[in-house]
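Working notes for the structure below.
Residue numbers (the numbering used here): 7 to 274.
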């Protein structure tokens with residue numbers, strides 16, 4: 007689901023099918039030039055048409071980052087592993103599907119928030135029921151923001167899409183999930199301590215943190231509410247214990263405190 011959910015909110019599937027696609031050849035060349043990591047996702051796709059399905063021309067920056075995001079989901083299923091931005095992948099750990107369902111943290115957030123509704127509401131997405139898919143979304147949003155950050159020059163419209171909000175939200179969800187596990191979900195907390203699970207979470211978290219930090223100089227990328235939450239120390243204590251260090255460094259949180267989004271930004 008992921009970023010395409012936002013697109014479907016403003017256009018029917020039939021409208022998407024009829025959307026302009028004349029920009030696609032040049033867009034792929036721009037992706038290769040500006041975002042080699044995003045282009046690597048395109049190259050990894052066995053069926054390039056699946057990538058192009060999500061690449062519409064009304065906003066090429068959004069179209070490309072969306073195509074990268076959705077393609078990462080497809081590759082994750084094909085590889086049974088999470089593709090990493092720097093190359094390679096980390097295997098999925100199916101044992102985490104036995105952990106408590108992420109939907110149980112929904113009441114810790116604004117129930118009307120788009121990301122809560124999309125990823126934590128019962129019946130909305132697999133990520134609401136299974137940590138393995140919540141991690142899938144975290145990874146896809148890391149790729150999404152990594153590409154969007156490199157493709158800023160392609161954005162021609164007034165205002166800016168909240169590209170950063172999705173990754174910030176998924177990071178906040180994972181942080182809260184681990185906190186609840188330590189507090190009252192003993193079997194899950196014990197499972198999170200397993201070496202292979204801890205390593206997986208550390209890898210995906212540090213990748214996400216790095217991409218998030220890289221996006222902070224860009225104004226109008228959104229996610230301020232979730233960014234603030236990530237830097238509230240009490241929220242990150244459990245994840246910090248799991249990672250063996252603070253999930254968000256002091257220097258990062260200082261930068262987050264100065265990141266601002268203008269009123270013209272729109273939700274993704």
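Quick reminder that beta carbons are idealized off the backbone N, C-alpha and C, glycines included.
N-terminal and C-terminal residue of the beta strand (DSSP E) that residue 88 is part of: 87–89
Please say whether residue 43 and residue 153 have beta carbons closer to each other than 9 Å? yes
Measuring only between beta-carbons, confirm whether residue 148 sits less than 9 Å from chain B. Of the chains in the structure shown, none is chain B; there is only one protein chain.
Measuring CA to CA, which of 102, 33, 90, 81 is closest to residue 193? 102
DSSP state of residue 31, grouped into three classes? helix
Continuous alpha helix (DSSP H) stretch holding residue 167: start and end: Note, residue 167: premise wrong, no alpha helix (DSSP H); not H, not E.
Going by DSSP, which residues form a beta bridge with residue 97? 87
Helix, strand or coil for residue 253? Go by DSSP, reduced to three states. coil
What is the rounded straight-line gap between the Cα of residue 231 and the Cα of residue 134? 21 Å
Let me confirm a value: residue 85 is counted as buried when at least 16 other C-beta atoms fall within 10 Å, else exposed. Which label applies? exposed
Measuring straight from C-alpha to C-alpha, what distance separates residue 38 and residue 191? 44 Å
Length of the line joining the Cα atoms of residue 114 and residue 141: 19 Å
Determine, using beta carbons only, whether residue 227 and residue 170 come nearer to each other than 9 Å. yes
Unbroken alpha helix (DSSP H) run spanning residue 145, endpoints: 137–156
Applying the criterion that 16 or more other CB atoms from any shown protein chain within 10 Å of the CB defines a buried residue, is residue 31 buried or exposed? exposed
Give me, in chain order, the residues of the same chain whose beta-carbon lies closer than 7 Å to that of residue 146; leave out the 5 immediate sequence neighbours on both sides. 8, 75, 78, 79
Three-state secondary structure assigned by DSSP to residue 181: helix
Starting from residue 122, follow the alpha helix (DSSP H) in both directions and report where the run begins and ends. 120–125
What does the Cβ neighbour count give for residue 214, buried or exposed, with the cut at 16 atoms within 10 Å? buried
Three-state secondary structure (DSSP) at residue 207? helix
Tell me, please, whether the segment 170–186 touches the segment 113–129 by the rule of three or more beta-carbon pairs shorter than 8 Å. yes
Reduced DSSP category for residue 259 - H, G, I as helix; E, B as strand; rest coil: helix
Limits of the alpha helix (DSSP H) - the one that residue 43 falls within: 42–50
Inter-residue spacing [alpha-carbon to alpha-carbon] between residue 110 and residue 184: 12 Å
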